[in-house]
Structures are given as structure tokens and as C-alpha cells.
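> So the sequences go chain by chain: G and Z. Quick note: the first sequence uses my numbering, first residue 1, plus one each step. Quick note: the second sequence uses my numbering, first residue 1001, plus one each step. Backbone N, C-alpha and C define an ideal beta-carbon position, used for all residues, glycine too. Please read all numbers here as calculations on a predicted model, not as lab measurements.
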Amino acid sequence: MSYCANCGVELDKDLISCPLCGFSIGKATVSETNNHSEYYPSDIILAHKKESRRHIWELTGIISFSGIVVCTIVDFVIHKSLGWSLFADTSIIAAWICLTLVLLAFRKYFIIIPGMLLTILTMLFLFDLFSPPVNWFYGIGLPVTIALFVAISIITILWKVAHFRGFNILAIAFLVLSGFCIVSEVFIDKYLSDKVDIRWSAIVAVSILPIALVLLFIHYRMKKGKRLDSYFHL
Amino acid sequence: MKGKRIETKSIQEIGWLKLDNAAKLFPAIMSGELTSVFRITAFLKKPVRFSAIKEAVGITSRRFPYFSVSLGSGLFWYYLEYNQKLPRIQTEEKIPCTAFAAKRKNEPLYRILVKENRISVEFIHILTDGGGAFEYLKSLLYTYFILTGNTIHSTEGIMLPESPIAEEEMEDGYKRFFRKNTPPPGKLIKAWHLPFILNEKPRLNVIRSEIDLKKLLELTRGYNATVTEYLVSVYLYSLQKIYLEEKEEVKKQKRGVLRIEVPVNMRKKLPSITMRNFSLFVLPEIDLRLGIYSFEEILKIVNYQLQTGADIKQIGRFLSQNVGHEKSPFIRVLPLFIKSMAISAVYRRLGSNQCSGIMTNLGVVKIPEEMEDLIDSFEVVPTPPNTHVKISCAMVTFRNQLRLDFGNISRSTRFEMHFLKHLTEAGVPVKILINN
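Written out as C-alpha cells, the structure reads:
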């Protein structure tokens, strides 16, 4: 009789790995092995969550595909050509790709964020292509979308590295948002009149700054690191 | 009291079961932390043999077919679907009482955990309570010992694998003994809660202790009290100590009631052999707004409250109230998702606020002497407490040993320190065991 060095249970002589924990015993044949995802009770929970995400993905895939078919047929039957349905179909596909990234690359932000950026840029580029002669993609669509994703990336990185996620993250998010507004106004002005005149974004930034300062004060002085999830839980 | 019999066919014929009255709460409130899972462990004298335990689980589970079910969701209620699946045999994790993926299709609702010389069963409360789980474990141990070449002549107190399965084993005891027009129990005011900061997730920490039963019995006899009465009093006395140490006067004035939830095995009160949930609670309490209590005063109050509270007429009021809610036509027609949200909200607002602590006593393990010789000890790990209560406690007695386990989700062990120190100061030896 041999013993598993990890579980300490007595095993049959022809087992090469422990059926309870997968620990290798190093014998000749296998007669009892479990699926690796079932060695510990918590593995089942993880497997269940993965399955649930896959079911949601499949269901939303069917709904999206049906939506595309319906939009395309209705548009074609009424107008004898494809017009508005091109926009609808592109939006549905982009939304489904974004959802796919969130569900299948679960919490892998370095895949989700660049993937979403590429999807949205492609969608905007196609919108621009479907509506000639206006060319707004390179002037506004591309820079503003990239600025938005840079802002989201900054907040996500801070969220990941922060030891205590509370009002401090909310304050930084407000500051990043005001930065995004300024960048957006610069590109909008350049596109519309070729002259940069910062107005509304400055008002947004000035209004947000005291809010951010109050939030930082609450976080570091008053609430001593109050958690967001417990504070806002319903 | 005879009660009305509900189920008449076997689970194999019916194919599904309604959740019992107590189980209806758990699918709505359970989560990754509030798992509603408890563990009972037998520490054997020899390492567990894998092939034998695997075979024993197969044999024993066929004797308890009503446990071979998974959770299904209907339009109005959750239900248990018979699936013939055996429980998983796994190894222990660092944290006991891990959640079940109970809402996964065909997922068993109990598991067998094996490590070194330990055989544990973990049940989700949807399936049964400590009483039912203990019967399963005793039967499993019996089969395992037979398969490993031991001879057990006396089988008293064991549900043998070959014994016939009685229909009453899967009845809903609550419904059977429900009586209409019973006045509901009085309303309870919110209880005071331990002011400790919660642990980071995963939160549960278990402190395991071994108490010399002989010395404890000598002590309790001196007070003319039972072990449960004495330990519940120690629980309240320890809570009072922490209450008095707390500085926030406003909170103390708002909630001055210390209340303990003590489950009562209804199988001992009513003629039922159900293997599903059949426990109710007695809620002994002291009101600190009336003043500070000495230990002797607390013991006197607890003695009175446990005896009158566990009286069948008194505890029957809780039974009738709970079943009455379930039978209400208005509640029955609500779709499941609304019902679940409502149950969860009511539990958060009322249920979890009612008590300051939980103390479960599974009593004395009665098994044949030949089996006793093969076992070192038994242990019960209570279900992880909710974030208000923070600490729960469970105990079981085997031979001259009382095992007391605290399930704690907070960062402080002040409560356990006060509790066990009280016992040692009273002359009862206490041993803190390694947390595996």
C-alpha cells in the first residue's frame, strides 16, 4: 500500500496519482483519476461560473444574430436596398464582440480593453464609411475614442493596484474624466474650426476639482478608507 | 402529537421533492461567503483507505436516496430533483464549508472530504440539518469499517445499508406538525452585535478546542445545569464582557439585548424520523439595558428560557408561523425571482439582526462500542456566520471529550479568548487544536 504525500490517505497499489488531489505517486497504470477541475470543492464553483458565462454568451449570440437578420430583412423589404440596417447590424456586432470579450476573457483586462478599443474604432470607421461625404472618423472618432480608452485604462490600473479601493478611486476617476473632457474639446474644436478655444471642458474641470478634493478628504481623513462596495451596497 | 403524513411514495417514483420549510430560505440567501454549508468530521485511528471509502460512499448513498438530488428552479419555488448522482469524494481545502455550485444542473448537494485519518461530510442546509447529516456519517463509517475488515456485532443507532427505507425519512416534518390558528411568537427587537472588523475574503477562520467532559460535567452539576445551559451562559457572559469593553455609548444604548440562537433537534420533540431539516430555535437573551448580570444570574435566566422556550407548545409557534408564511396564497403565487429577492431582503433586515450569536449542540454521539474503538474523535464545523453575527459555535460530545469549534469571520479572537478563559478559570481543562 502507498500513501499520498499530500492527502495522507492510503491508496491502491496500481494508482499513479491520488484521485483526491492529483498528487503524482509514480506507478505504472492508471485506474482511478478524476477530472483535474474536481480536486477541490472550490474548483466546482469556478467551473460553474465559467459555464454560466458561456451560456450567457451563447444566448446573446443567438439574440444578436436574430436581430441582425430581422434588421437586414426589414430594411431590404421596405427600401429594396441596405441603408439604416448597416448601422444597426454593425452596432449589434460590435456590442456582441465587446460582451464576448467581457465573458470569455473574464477579468483579463489587458485583453478586454485593447479588444474593445479595436472593436469600437472599427465600428466608428464603418459608420464613417457608410455615411459619405462627411469624414469625421480621423478628425474626431479616432482621437476621442483613444482618449476615452486611455482614461478607462488609467482608472482600471489604479483600481487594480490600489490597496484600499474607496472614495480615492472615485476622486481620481473624476480627475481623469475632466482630463478626457479637455482632450475631447481640443479635437472637436480642431475638427470644427481648426482653432482651439477651451471653454466647456474648463468649466467641467473646475467644477469637478473641488468634488475630487472633498472625496479625497473623506477617504483619507474622515472615513479612514471606507470601502465602496460596502458603502453603496443595496 | 401525531401530525399529518405528507409523502407517500419513494423519491425514485416521484422524481423530485419540494424543499422543506427551513430549506426554502437558503437558495435565496446563500453566497460565496454565506455558504449555508456545515461539516461533520470523524477522526479515525488509522489513515483512510481510498478504495474502501469510495465503495462505502456508493453503498451508503444508495441507502439515503433522498440526498441524491440537485437543486432545480421552478416558476414559483426551488425544488429538489432526483438524479442518482453520488457525492464527490474530494480532499480538504484550507477553508472548510466552501460553497456548493448548488444552482448548477445535476450538482450534488453534499460532498465527502478525505484527508489523512479524517472523513468529513459537508452538507448544504438545503438538504438536511446536523441531525440528518450525522445519521449519514454514522452509516458511512459503519460501511467503511466493515469494508476495511472490521467486525461490528452491535448495530444499534446505525441506519444499516440493507435496512428498508421508510417513507417518513423524506417527509417535511414542519408541514406534518403544522397546526393552523396557532398564535405567532412575539416580535423581537434587534440584538447587539460584536463590533469586530471583518476578515478579508475568504473570511472564515475556525478555532478548534477540546474540552474535558468529566470536569465540565462536575462543574455543571454544581450549578444544577445541563452542558448546553452552562455553555450558552458562558457565551452570553463573554458577549457581555465585550459589550462592556465597547466605547461607542450610542450603539450600546440603541441595542442592549444579547440573544443567542440555540437550534433544537425537533426529532427528539416530535415523533418524526425525517432525514431532512427538522430543527427550530430557542432564543435565550439578556437585556443589558436593565443592568449588568453576574454569571450566576445569566445561568438562572438561560436555564429558565431554554426549558420554557424548548417546550413543544412554545416552539410550535415558530413552526406554525414559518409554515403559515409558506402556505399563504399571496406568497405562493409570486414568481420565484421576486420571492427570492423578498426573502433575501427580509433576511438582511430582520433575520440576521435577531441574534448576537449561534450555538449548536449536536449532543452525544451514540455508536456501537466496536466502532467507538476505531474512532479518535468527532468534530462539527458550524455554517459560516453572517456579517452581523460574525462568530458561530458548534459542539459535539464523544466519549470523554467535548469538541467545540468557533467559526469566525472577523479579525478578532477576543470572544473565543473570553469564552475559553472562563472555562479554564472554572477549572475545566481546554486544549486548542491545530487548525488544519
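Mind checking whether residue 1378 (chain Z) and residue 1364 (chain Z) have CB atoms under 7 Å apart?
In this structure, residue 1364 (chain Z) does not lie closer than 7 Å to residue 1378 (chain Z) by Cβ.
> Against residue 1185 (chain Z), what residues of chain G qualify as contacts under a CB-to-CB distance less than 9 Å, listed in chain order?
Neighbours of residue 1185 (chain Z) on chain G: none; closest Cβ ~29 Å, over 9 Å.
> For residue 22 (chain G), report the span of its alpha helix (DSSP H) as first-last.
Looking at the DSSP string, residue 22 (chain G) is not in any alpha helix (DSSP H), and its letter there is neither H nor E.
> Could you name each continuous beta strand (DSSP E) segment of 3 residues or more that falls completely within the stretch 73-124 of chain G, going from the start of the chain to the end?
With a minimum length of 3 residues, no continuous beta strand (DSSP E) run stays inside the stretch 73-124 of chain G.
> Measuring only the C-alpha atoms, how far is residue 1037 (chain Z) from residue 174 (chain G)?
C-alpha separation (whole angstroms): 42 Å.
> Find the residues of chain G that neighbour residue 1410 (chain Z), judging by a C-beta separation of less than 7 Å, and give them in chain order.
Ordered by position in chain G, no residue passes the 7 Å Cβ test against residue 1410 (chain Z), which lies about 14 Å from the chain.
> Under 7 Å between C-beta atoms, does residue 1047 (chain Z) make it to chain G?
Closer than 7 Å to some Cβ of chain G, the Cβ of residue 1047 (chain Z) qualifies, so yes.
> How many Å lie between residue 1332 (chain Z) and residue 1077 (chain Z) at the Cα?
Taking the straight line from one Cα to the other gives about 8 Å.
> List the endpoints of the continuous beta strand (DSSP E) containing residue 1420 (chain Z).
Here residue 1420 (chain Z) belongs to no beta strand (DSSP E); instead the alpha helix (DSSP H) covers 1414-1425.
> Step through the CB atoms of chain G and report whether any lies within less than 7 Å of the CB of residue 1116 (chain Z).
Chain G, which has a Cβ nearer than 7 Å to the Cβ of residue 1116 (chain Z), makes this yes.
> Roughly how many angstroms lie between the CA atoms of residue 17 (chain G) and residue 3 (chain G), to the nearest whole one?
Using only the alpha carbons, I get a separation of about 10 Å.
> Three-state secondary structure (DSSP) at residue 1028 (chain Z)?
DSSP places residue 1028 (chain Z) in helix when its eight states are reduced to three.
> Return yes when the Cβ of residue 9 (chain G) is within less than 7 Å of the Cβ of residue 1050 (chain Z), no when it is not.
Yes, the pair counts as a contact, with Cβ atoms nearer than the cut-off.
> Show which residues of chain Z have a CB atom less than 9 Å away from the CB atom of residue 38 (chain G).
Within chain Z, the residues near residue 38 (chain G) are 1088, 1090.
> Do we get a CB-CB distance below 7 Å when we pair residue 114 (chain G) with the residues of chain Z?
By this cut-off, residue 114 (chain G) is not an interface position.
> Does any residue of chain Z have a CB that is nearer than 7 Å to the CB of residue 48 (chain G)?
Yes, its Cβ sits closer than 7 Å to a Cβ of chain Z.
> For residue 198 (chain G), which residues of its own chain have a beta-carbon under 6 Å away from its beta-carbon, when the five flanking residues on both sides are left out?
Here the set comprises 185.
> Determine which residues share a DSSP beta bridge with residue 1281 (chain Z) and list them.
For residue 1281 (chain Z), which the question treats as bridged, DSSP gives the partners Z:1263.
> Looking only at C-alpha atoms, which of Z:1416, Z:1412, Z:1431 sits nearest to residue 1197 (chain Z)?
When each option's Cα is compared against that of residue 1197 (chain Z), the closest is Z:1412.
> Is DSSP giving residue 1092 (chain Z) helix, strand or coil here?
Coil, per DSSP.
> Checking 7 Å against the spacing of the C-beta atoms, do residue 1410 (chain Z) and residue 1029 (chain Z) come in under that value?
Not a contact, by the Cβ cut-off of 7 Å.
> For residue 56 (chain G), decide whether its Cβ has a neighbour in chain Z, counting only Cβ atoms nearer than 7 Å.
No, no contact with chain Z.
> Look up residue 1403 (chain Z) in the DSSP assignment and give the residues it is bridged to.
Beta-bridge pairing links residue 1403 (chain Z) to Z:1210, Z:1396.
> Please list, in chain order, the chain Z residues whose beta carbon lies closer than 8 Å to that of residue 191 (chain G).
Those do not exist, as residue 191 (chain G) stays about 48 Å from chain Z at its closest Cβ, beyond 8 Å.
> According to DSSP, is residue 194 (chain G) part of a helix, a strand, or is it coil?
If DSSP states are grouped into helix, strand and coil, residue 194 (chain G) belongs with coil.
> Flag residue 9 (chain G) as yes if its beta-carbon sits less than 7 Å from any beta-carbon of chain Z, otherwise no.
Closer than 7 Å: yes.
> I want to check one thing, is the minimum distance from the CB of residue 1374 (chain Z) to the heavy atoms of the ligand GDP below 6 Å?
Ligands are entirely absent from the displayed structure, and the ligand GDP is therefore not among its contents.
> Let me know the secondary structure DSSP gives residue 1375 (chain Z) once reduced to three states.
Of the three classes helix, strand and coil, the one that applies to residue 1375 (chain Z) here is strand, per DSSP.
> Going by DSSP in three states, residue 33 (chain G) sits in which element: helix, strand or coil?
Note on residue 33 (chain G): pLDDT 47, under 50, position unreliable in the model; the coordinate value appears next. Coil.
> Could you name the residues of chain G that residue 1051 (chain Z) contacts, counting a contact when the two beta carbons are closer than 7 Å?
Within 7 Å Cβ-Cβ: 12.
> Show which residues of chain Z have a CB atom less than 8 Å away from the CB atom of residue 103 (chain G).
Within chain Z, no residue comes near residue 103 (chain G); the closest Cβ sits about 17 Å away, beyond 8 Å.
> Answer yes or no: does any C-beta atom of chain G fall closer than 7 Å to that of residue 1104 (chain Z)?
Yes, residue 1104 (chain Z) lies at the interface with chain G (some Cβ there is under 7 Å from its Cβ).
> Three-state secondary structure (DSSP) at residue 1257 (chain Z)?
Strand.
> Could you give the DSSP three-state label for residue 1287 (chain Z): helix, strand or coil?
It is a strand residue.
> Taking contact to mean 3 or more Cβ pairs, one atom from each stretch, closer than 8 Å, check whether the stretch 111-123 of chain G and the stretch 73-85 of chain G are in contact.
With the cut-off at 8 Å, the stretch 111-123 of chain G and the stretch 73-85 of chain G do not touch.
> Taking C-beta pairs closer than 8 Å, name the residues in chain Z that residue 81 (chain G) reaches, listed in chain order.
Ordered by position in chain Z, no residue passes the 8 Å Cβ test against residue 81 (chain G), which lies about 44 Å from the chain.
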